[in-house]
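Residue numbers (the working numbering): 160 to 574.
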């Protein structure tokens, strides 16, 4: 650690300051005045005005003078749009009452306590209290949408809810690297017919001193979805041939005037994104009387919408979390950066709010995916369950086919 740089002091000044502090702690009076402030404030206005230039020079200076050591950037000043307001992040060195030099010196003593050093010395809080997935990191587990492998065995996972929007997640498995990718979420940060770009699913909360699963946000508010509207969205995002034919003469971001036409659509007629399995929450799927016309379970109702629906694994929640945690910690779970609700969930989820947790749905989806049958399919000869006829069609993409960039963008990957 280089605590003097965090206090805005030179190394020599920091030594004089800490010597003075030790003298007082050991029962003496010190020299009374070492001539060094506890911390030297930064010119925040200068940071805001010349942010990019200064950041570049600072990083180069540090790297060249410290044997190639790398330094993380932390937020300091953010100027709001319009330039009439700004946000300032305060660190320990900004506290005029807390003896920041003593706090930093104490934290820096134990060089093995890296989380404590990063938090107290540099203001980088990586170890969040109570997180169930503390090893999830953007560096290891988040990739750009364009970096998603194209040869994947794909599944859809659905978590229905009676009082809010359903959560849906699309996953791809790469057998060669044993990596599970999550490349799309619904609702996500892209336009939805009749809705526009929805707000976030959840937001930060200060309940229980910040140790919680977040708070509900606008993305959970009911969009007025019906079974056929969910089917429309699957067909739109997976690019079923029936949808593409309809979209040639209609606005793809508007619901059909007669939503009933979607009832006849089928991925058996062809799809640019073959799905080998569609997984639905087993508990929700067993609920009965979901249809006003028939006494059907939710699973029976949803199974009529698309091919290949199966109930999610009934294994204990702890088992699914352990499997998922293992994949995250070894880098064999990755999520594309456009899945912002999922990323927020991992960075916030503690489990403290139980079944009512605001971000729990996204963790559940990934847990079901981690215990799904996607790992049973071979990379070379994966066939679409229930869609063999579509795969035999020469005009339909098989597993392993590489869609062009236009196809991938239209599928909503870039959000």
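Even for Gly, the Cβ is constructed at its ideal location relative to N, Cα and C.
For residue i, the residue or residues it bridges with in DSSP
i	result
residue 318	326
residue 245	238
residue 495	302
residue 605	Outside the displayed span of the chain (160 to 574) sits residue 605, for which this structure offers no information.
residue 601	Here the chain comprises residues numbered 160 to 574, so residue 601 is not present and cannot be evaluated.
residue 333	338
residue 355	351
Enclosing alpha helix (DSSP H) for residue i [first to last residue]
i	result
residue 299	297-300
residue 499	499-507
residue 527	519-529
residue 387	386-397
residue 485	476-488
For residue i, the first and last residue of its enclosing beta strand (DSSP E)
i	result
residue 163	From DSSP, residue 163 is part of no beta strand (DSSP E) but of the alpha helix (DSSP H) over 162-165.
residue 404	Counting along the chain, residue 404 falls outside any beta strand (DSSP E), though it belongs to the alpha helix (DSSP H) covering 400-406.
residue 345	338-345
residue 575	Within the shown structure, residues of the chain are numbered from 160 to 574, placing residue 575 beyond reach of any answer.
Per-residue DSSP class, three states only, for residue i
i	result
residue 362	strand
residue 439	strand
residue 173	helix
residue 280	coil
residue 416	coil
residue 313	strand
residue 378	helix
residue 197	coil
residue 513	helix
residue 429	coil
residue 373	coil
residue 534	helix
residue 368	helix
residue 457	helix
residue 411	coil
residue 421	helix
residue 259	helix
residue 215	With a pLDDT of 47 at residue 215, under the threshold of 50, the predicted position of this residue should be treated as unreliable, and no value is reported.
residue 294	coil
residue 307	coil
Beta-carbon proximity of residue i to residue j, cut-off 7 Å
i	j	result
residue 398	residue 426	no
residue 501	residue 298	no
residue 394	residue 424	yes
residue 365	residue 516	no
residue 529	residue 482	yes
residue 391	residue 421	yes
residue 100	residue 518	Residue 100 cannot be examined here, being either before or after the span of the chain that is shown, 160 to 574.
residue 429	residue 400	yes
residue 241	residue 370	no
residue 169	residue 264	no
residue 438	residue 531	yes
residue 378	residue 346	yes
residue 326	residue 485	no
residue 237	residue 246	yes
residue 198	residue 167	yes
residue 280	residue 200	no
residue 342	residue 329	yes
residue 291	residue 508	yes
residue 461	residue 536	no
residue 248	residue 234	yes
residue 311	residue 495	no
Residue-chain proximity (residue i, chain B), Cβ-Cβ < 7 Å
i	result
residue 289	The structure shown has no chain B; it contains just one protein chain.
- [ ] Flag this pair as touching only if the stretch 327-338 and the stretch 463-473 have three or more C-beta atom pairs under 8 Å; answer yes or no.
- [x] no
TODO: Check whether the stretch 292-307 touches the stretch 317-325, taking contact to mean three or more Cβ pairs, one atom from each stretch, closer than 8 Å.
DONE: no
- [ ] Determine contact between the stretch 486-505 and the stretch 338-350, defined as no fewer than three beta-carbon pairs at a distance below 8 Å.
- [x] yes
- [ ] For the stretch 349-361 and the stretch 378-393, state whether three or more C-beta atom pairs, one from each stretch, are separated by less than 8 Å.
- [x] yes
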